[in-house]
Amino acid sequence: MDDPAQRIYPGGYRLGWASLDIAGRAQVLKRNYRNAPAVYRAAKRVRGRELVALDHEDDKYILDAELGFHEREEEKPNLVLVDGNCELLYLCEKIREFTAAEKYSASEIAVFLKHNNQVEATLGFLQREGIRCAQLTRDGFRGNGIRVGTYDRARGLEFRAVFLPRLGAAQFPDCSVDSEGEGRNSDPDQDLESRQLELDRLYVAMTRAREHLLLIADEEPCEEIRRALAEEIILKDLRGQPIAGPTPSQ
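Position in the sequence shown counted from 1, then plus 383, gives you the working numbering.
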C-alpha cells in the first residue's frame with residue numbers, strides 16, 4: 384500500500400518500474416477514517432495543494448479525500464502563542480490537563496518536533512518536570528509515557544491528541560537544516576521544493592491526530608500556517624500571560 388500524502392522524501396519508485404503489473408488488482412482508497420474533519424481540513428489548508436512527490440495520476444485523489452467521520456462539534460485545532468522560552472512549560476501544562484482529566488492515557492498523546500535535537504531537549508524537559516516519556520526511534524518506542532519523536536518518525540502512526548511545539552516562523556520551516564538538526568548547503572533552485580517538503584512533513588505530523596491537535600509557538604508562524612487561522616485553526620494569543628516560569632534557553 385502506498386500513501387502519497389506520507390511521502391516526505393523526493394523521488395521513490397513505482398511497481399511498474401520493476402515490471403510488476405497490478406492492473407485490475409489495485410484500488411485507490413479515497414476515504415479518510417483517521418482524522419476528525421476539523422483536523423484534516425486544518426492540515427490540508429496548511430499544506431496546500433502541491434505534492435512534491437506527485438508522480439502518478441491516482442496521486443491527485445489524496446488532495447480530495449472524502450471524510451469517513453460525520454461532522455461533529457469537535458474543537459478546531461488551536462495555535463497558541465506564548466512568550467519566548469515558554470513553549471515547553473505550556474506543553475507540560477496541557478499534557479497534565481489532558482492526563483488529569485482521565486480522558487486520555489499517556490500512550491494516546493504524542494509530541495512531534497522537526498529535529499532530533501529538539502526531541503532530545505523536549506524529552507529532557509518533560510522528564511525533569513516529572514512527565515514520563517517514550518522516545519520514538521527507528522525500532523519503535525523506547526520507554527513508557529507520552530510519545531515524543533520527529534515528524535519523520537511520526538509516519539504511519541496515530542494518536543488521539545497531538546501537540547506540535549516550535550512552530551514560530553524562525554524555527555519552521557527552516558530549510559537550511561535537515562531533520563537531524565545539521566546544517567546543509569543552500570541551493571536557491573531547490574528552495575521552493577525544500578519548503579514544500581517541510582510542509583509535507585508538517586502535514587504528516589498534523590494528521591497523526593485523530594481528535595485533538597494543538598500547535599504551539601513563541602512568535603508568529605509562517606505564512607502557510609497563518610492562512611489557516613480563523614477558518615480552520617483557532618488562534619489563542621497568551622503572550623504576556625504567565626505560564627509557570629521561563630523555560631531554560633535551548
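By construction, the Cβ of each residue, glycine as well, lies at the ideal position given by its N, Cα and C atoms.
Sub-8 Å separation of residue i and residue j beta-carbons
i, j, result
"TYR487", "ALA544", "yes"
"ILE599", "VAL463", "yes"
"THR533", "LEU509", "no"
"CYS475", "ILE529", "no"
"ILE492", "PHE542", "yes"
"THR505", "LEU471", "yes"
"ARG525", "VAL587", "no"
"LEU582", "VAL429", "yes"
"ILE617", "LYS459", "yes"
Interface flag, residue i vs chain C, CB-CB below 8 Å
i, result
"CYS605", "The question asks about chain C, but that chain is absent: this structure has only one protein chain."
Backbone CA spacing between residue i and residue j [nearest angstrom]
i, j, result
"PRO420", "LYS427", "11 Å"
"GLU615", "ASN461", "9 Å"
"PRO625", "THR482", "22 Å"
"GLU594", "ASP574", "33 Å"
"GLU607", "MET589", "13 Å"
"ALA592", "ASN418", "6 Å"
"SER632", "ALA425", "Note that SER632 scores a pLDDT of 43, beneath 50, so its modelled location is shaky; the value from the coordinates is reported in the next line. For SER632 and ALA425, the distance between alpha carbons rounds to 30 Å."
"ASP557", "GLU602", "15 Å"
"ARG479", "GLU512", "10 Å"
"GLY551", "ARG609", "11 Å"
"GLY507", "GLY523", "19 Å"
"LYS619", "GLU485", "24 Å"
"ALA613", "CYS469", "23 Å"
"ASP441", "GLU576", "Since pLDDT at ASP441 reaches only 47, below the 50 mark, its modelled position is unreliable, and the value read off the structure follows with that caveat. For ASP441 and GLU576, the distance between alpha carbons rounds to 21 Å."
"VAL494", "ALA611", "21 Å"
"ASN527", "GLY623", "34 Å"
Pick from the options that is closest to residue i, judged by C-alpha positions
i, options, result
"ALA553", "CYS605, LEU618 and LEU575", "CYS605"
"ASP467", "SER577, ARG549, LYS459 and THR520", "Contrary to the premise, residue 467 reads as Gly rather than Asp in this sequence. Among SER577, ARG549, LYS459 and THR520, the Cα nearest to that of GLY467 belongs to ARG549."
"ALA517", "ASN500, ARG538, ARG591 and SER490", "SER490"
"LEU621", "ASN500, VAL465 and GLU512", "VAL465"
"ASN500", "GLU581, VAL531, SER577 and ARG578", "VAL531"
"PHE546", "ASP601, LEU596 and LEU612", "LEU596"
"ARG536", "ALA592, ALA425, ARG521 and GLU485", "ARG521"
"PHE502", "LEU519, ARG479 and ASN527", "First, the amino acid is wrong: residue 502 is Val here, not Phe. Among LEU519, ARG479 and ASN527, the Cα nearest to that of VAL502 belongs to LEU519."
"HIS498", "ARG584, GLU602, ARG430 and LEU612", "ARG584"
"GLY431", "ARG578, ASN527 and VAL494", "ARG578"
Opposing strand residues paired with residue i [DSSP bridges]
i, result
"VAL545", "ALA493 and LEU596"
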